[in-house]
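Enquirer: Residue numbers (the working numbering), protein chains in the order written: chain Z, 1 to 312; chain R, 313 to 627.
Note that beta-carbon positions come from the ideal geometry of N, C-alpha and C, so glycine has one too.
The structure displayed is predicted, hence computed values, not measured ones.
This structure is in structure tokens; I'll ask about it shortly.
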């Protein structure tokens, strides 16, 4: 308990973490400003135009949906992108911030913010301690490596999760308030809120996954920079390099290989039901299981390495 | 006195894909008795820090035994509350104050908060306790490191290079502090490359080279063991004096003569030839000379060679 208290105190005292919290708030502010600057209260004329455009879209897509549904009677979800029901009037209220239609995209951004926040904070929290000798000093006091690393991991993950949850609530609440005052809230029924809560939870899971991976890489690499290098290396070599080479030699067909890329799994994980935002036949379950396995494997590797390592 | 630290036959080889194998400790032995200030000397890379880290459970030894307060180092956790240590200078977070740095350690170790101020007072940092560590001088950071080791009122204090970065006044304070701790019954083990510091503050010393002990015992006895009866002589014609005195050499215009049991022999020998002395000074052995003698070829232990080269000085 003392160790946890000390780690919580250390977490909030670290200058880098304070900086990252400030950056998170600044980025949030920029997002809010951007949304507000592009939104105004809809006029009657705007409503009429939106209703006409939505009706046209529904008319255009109804035959496609019917054809798709006839071809896939047992897999209607593949026809979601043609579903006329998605073309609600609010979608065509240009220059108006409609909470119902826009919050999904904004939560995608939230996932990115939380992912980077968690990654940098966790990498720094463990990396700088290992690099500076702070961890060694702590082990001279509490010569139990698993307890010391566990307390650091538990405290940091717990705090990142708590900060992410609070930030998410403030984030969504702020955009709801903006929509209420200068835009349009739209149709927000129980189903919508349940869907939004699920999406926010999944965005938080992305942040948590990034945090755990950063902690593990920085622990194994003994430095904050190891985590940053690992992330950049993965993106450049795998996400970009392998894709480019595979495309050049036509190694992958269609979406066959998308499940090899973490970015595709994050995209699938954050997809909302009925929107068609999915890649091939990838599902939440596949991506969720992958995230869980990755997180457990990374954490186990970090703890095993740290338990055996010579601290020189 | 019962030994507080007993190390026997300690071996450690570091293996790295990039750098290959490096034997850091090759059957090292050390013993530190209760209440002593014990100096731990050795050239860079001789295995001092590896020894201390192994003793404190930070490095896993390949073989050998280590005991602290009679308990195997494998059970170090059971005696950790009796040991204060700094292993190389920890890099504190610059924006934390000295007090906060210690308070976090105290919190983690279950030490009462009031010890923070007491310890900062002991090392002379009480006035600067609220200042960020980045505003501290190197010597102040070193004293903060020592304070972190003192926080839990240790019975055994292990300090790796505690005088690093200290100015002469700081060194004097550190010496006084260590002497005071020893007088209060704290056993102190200091690793240092500052030989004069060790000589002034330590009761006993262990010298390590190439991962093995080359000499150990009381400082005075080690120095006496290396007393070669050396004198410095100044005369009008040093070259002639050197020829007359036999085992002698000319250094900076003076004659340095060794193997002299009675200095009257020098005055008599030179006086008989009409060479009148303007200076006759005994050149006492210092730890630096002993250290260099013992840690330079050909006396250094060679890997795999028998361990009989070790000297024990008990006089």
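Taking 9 Å as the threshold (beta carbon to beta carbon), is residue 312 of chain Z in contact with chain R?
Expert: yes
Enquirer: Give the secondary structure of residue 213 of chain Z by DSSP, where H, G and I count as helix, E and B as strand, and everything else as coil.
Expert: helix
Enquirer: Go to residue 26 of chain Z, then tell me how far its alpha helix (DSSP H) extends in each direction, as first and last residue.
Expert: Per DSSP, residue 26 of chain Z belongs to the alpha helix (DSSP H) from 15-37.
Enquirer: For residue 325 of chain R, which beta-bridge partners are listed by DSSP?
Expert: Answer is R:335, bridged to residue 325 of chain R.
Enquirer: Determine, using beta carbons only, whether residue 378 of chain R comes closer than 9 Å to chain Z.
Expert: no
Enquirer: Here's a check: name, in chain order, each residue in its chain whose Cβ is nearer than 6 Å to the Cβ of residue 606 of chain R, leaving out the five neighbours to either side.
Expert: 519, 526, 527
Enquirer: In whole angstroms, what separates the C-alpha of residue 304 of chain Z from that of residue 524 of chain R?
Expert: So the two alpha carbons sit approximately 31 Å from each other.
Enquirer: Counting only beta-carbon separations shorter than 9 Å, does residue 6 of chain Z have a partner in chain R?
Expert: yes
Enquirer: List the endpoints of the continuous alpha helix (DSSP H) containing residue 550 of chain R.
Expert: In the DSSP assignment, residue 550 of chain R falls within the unbroken alpha helix (DSSP H) covering 550-557.
Enquirer: Please state whether DSSP places residue 260 of chain R in a helix, a strand or coil.
Expert: Not covered by the structure: residue 260 of chain R. The range shown for chain R is 313 to 627.
Enquirer: Please determine if the stretch 119-128 of chain Z and the stretch 93-111 of chain Z are in contact, where contact requires at least 3 C-beta pairs separated by less than 8 Å.
Expert: Verdict: no, contact absent.
Enquirer: Could you pull the DSSP bridge partners for residue 143 of chain Z from this structure?
Expert: Answer by DSSP bridge pairing: none, since residue 143 of chain Z is not bridged.
Enquirer: Tell me whether residue 576 of chain R sits in a helix, a strand or coil according to DSSP, three-state version.
Expert: helix
Enquirer: Using a Cβ-Cβ cutoff of 9 Å, what residues of the stretch 399-422 of chain R are near chain Z? List them in chain order.
Expert: 399, 400, 401, 402, 403, 404, 405, 406, 407, 408, 412, 415, 416, 417, 418, 419, 420, 421, 422
Enquirer: If the cut is a Cβ gap below 8 Å, which residues of chain R does residue 141 of chain Z touch?
Expert: 392, 417, 420, 421, 464
Enquirer: Does DSSP put residue 620 of chain R in a helix, in a strand, or in coil?
Expert: Per-residue confidence for residue 620 of chain R stands at a pLDDT of 41, beneath the threshold of 50, marking its modelled position as unreliable; the derived number appears in the next sentence. DSSP places residue 620 of chain R in helix when its eight states are reduced to three.
Enquirer: My understanding is that residue 565 of chain R touches residue 550 of chain R, with C-beta atoms under 8 Å, so please give their C-beta distance in whole angstroms.
Expert: So it is a contact: roughly 6 Å between Cβ atoms.
Enquirer: Taking just the CA atoms, how far does residue 101 of chain Z sit from residue 90 of chain Z?
Expert: Using only the alpha carbons, I get a separation of about 7 Å.
Enquirer: Against chain Z, does residue 460 of chain R count as a neighbour if the rule is that its beta carbon must be under 9 Å from one of theirs?
Expert: So yes, residue 460 of chain R belongs to the interface.
Enquirer: For residue 484 of chain R and residue 222 of chain Z, I'd like the C-alpha separation in whole angstroms.
Expert: 37 Å
Enquirer: Give a yes or no on whether the C-beta atoms belonging to residue 543 of chain R and residue 584 of chain R are separated by under 9 Å.
Expert: no
Enquirer: Compute the Euclidean distance between the alpha carbons of residue 451 of chain R and residue 243 of chain Z, then round it to the nearest angstrom.
Expert: 54 Å
Enquirer: Kindly say whether residue 370 of chain R, judged by its beta-carbon, lies nearer than 9 Å to any beta-carbon of chain Z.
Expert: True, the Cβ-Cβ gap to chain Z drops below 9 Å.
Enquirer: According to DSSP, is residue 280 of chain R part of a helix, a strand, or is it coil?
Expert: The first residue shown for chain R is 313 and the last is 627, placing residue 280 of chain R beyond what the model contains.
Enquirer: Run through chain Z and tell me which residues come within less than 9 Å of residue 365 of chain R, C-beta to C-beta.
Expert: 136, 310, 311, 312
Enquirer: Assign residue 232 of chain Z to one of two classes, buried (16 or more other C-beta atoms within 10 Å of its C-beta) or exposed (fewer than that).
Expert: Looking at its Cβ environment, which holds fewer than 16 other Cβ atoms inside 10 Å, residue 232 of chain Z is exposed.
Enquirer: Taking the alpha helix (DSSP H) that residue 520 of chain R belongs to, which residues open and close that run?
Expert: Not the alpha helix (DSSP H): residue 520 of chain R falls in the beta strand (DSSP E), residues 516-521.
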